[in-house]
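**Q** Please find one structure pasted underneath; my questions will follow.
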Amino acid sequence: MRLDGCITRQKDIQGLLAAQARLSPHVVTDSGAPLHPPVAVQAGIVDGFTSQSRVTTYFAALGYNSRSVGAEGLGRQIFLGPFRSEGAASEAIRVAREAGFISPYVSRTRY
11 MRLDGCITRQ KDIQGLLAAQ ARLSPHVVTD SGAPLHPPVA VQAGIVDGFT SQSRVTTYFA
71 ALGYNSRSVG AEGLGRQIFL GPFRSEGAAS EAIRVAREAG FISPYVSRTR Y
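Numbering (my numbering), first residue to last: 11 to 121.
Put into structure tokens, the structure is as follows:
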């Protein structure tokens, strides 16, 4: 997992403040086809609690709810949502990429 670039490291998210400034003000809005049940977006996996704190602050400043699952040393999955429309989920993926996450995706994991 670490060799394939699956874990987002602190160096990958150095531009969080600049990305937040570019995207602010930001409002999460529903658009496009509705999603039933609502979905989460897995932004990615960070390398520890420090990175988790930084990305959680970034997403909260842009109006997103987030949660994380995992353990120090193994990585913490960052989930955003829940999203009730395709447009809102797509926008969250774009915002996650702006933060430095390589391949965020829609997850059917219950938020």
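In this text, a Cβ means the ideal position worked out from N, Cα and C, and glycines have one as well. Every value quoted in this text rests on a predicted model; they were computed, and no experiment measured them.
Going by DSSP, what residues sit across from Phe89 in a beta bridge?
**A** Gln52 and Arg77, per the DSSP bridge assignment.
**Q** Over the uninterrupted beta strand (DSSP E) stretch that includes Ser100, give me the two end residues.
**A** No beta strand (DSSP E) contains Ser100, which is instead part of the alpha helix (DSSP H) from Glu96 to Ala109.
**Q** Just list the residues that DSSP pairs Val38 with in beta bridges.
**A** For Val38, which the question treats as bridged, DSSP gives no partner whatsoever.
**Q** Under 8 Å, with one C-beta from each stretch per pair, do the region 93 to 101 and the region 28 to 44 reach the 3-pair mark?
**A** These segments touch.
**Q** I need the straight-line Cα distance from Ser61 to Pro47, nearest angstrom please.
**A** Those two C-alpha atoms are separated by around 30 Å.
**Q** Going by beta-carbon coordinates alone, are Val65 and Ala109 separated by less than 8 Å?
**A** For Val65 and Ala109, yes; Cβs fall inside 8 Å.
**Q** For Gln24, which of helix, strand or coil comes out of DSSP?
**A** The answer is coil: DSSP assigns Gln24 none of H, G, I, E or B.
**Q** Given that a residue counts as buried once 16 or more other Cβ atoms are within 10 Å of its Cβ, and exposed if not, what is Arg118?
**A** Classification of Arg118: exposed, given that the 10 Å Cβ count is below 16.
**Q** First and last residue of the alpha helix (DSSP H) that includes Ser117?
**A** Counting along the chain, Ser117 falls outside any alpha helix (DSSP H), though it belongs to the beta strand (DSSP E) covering Tyr115 to Ser117.
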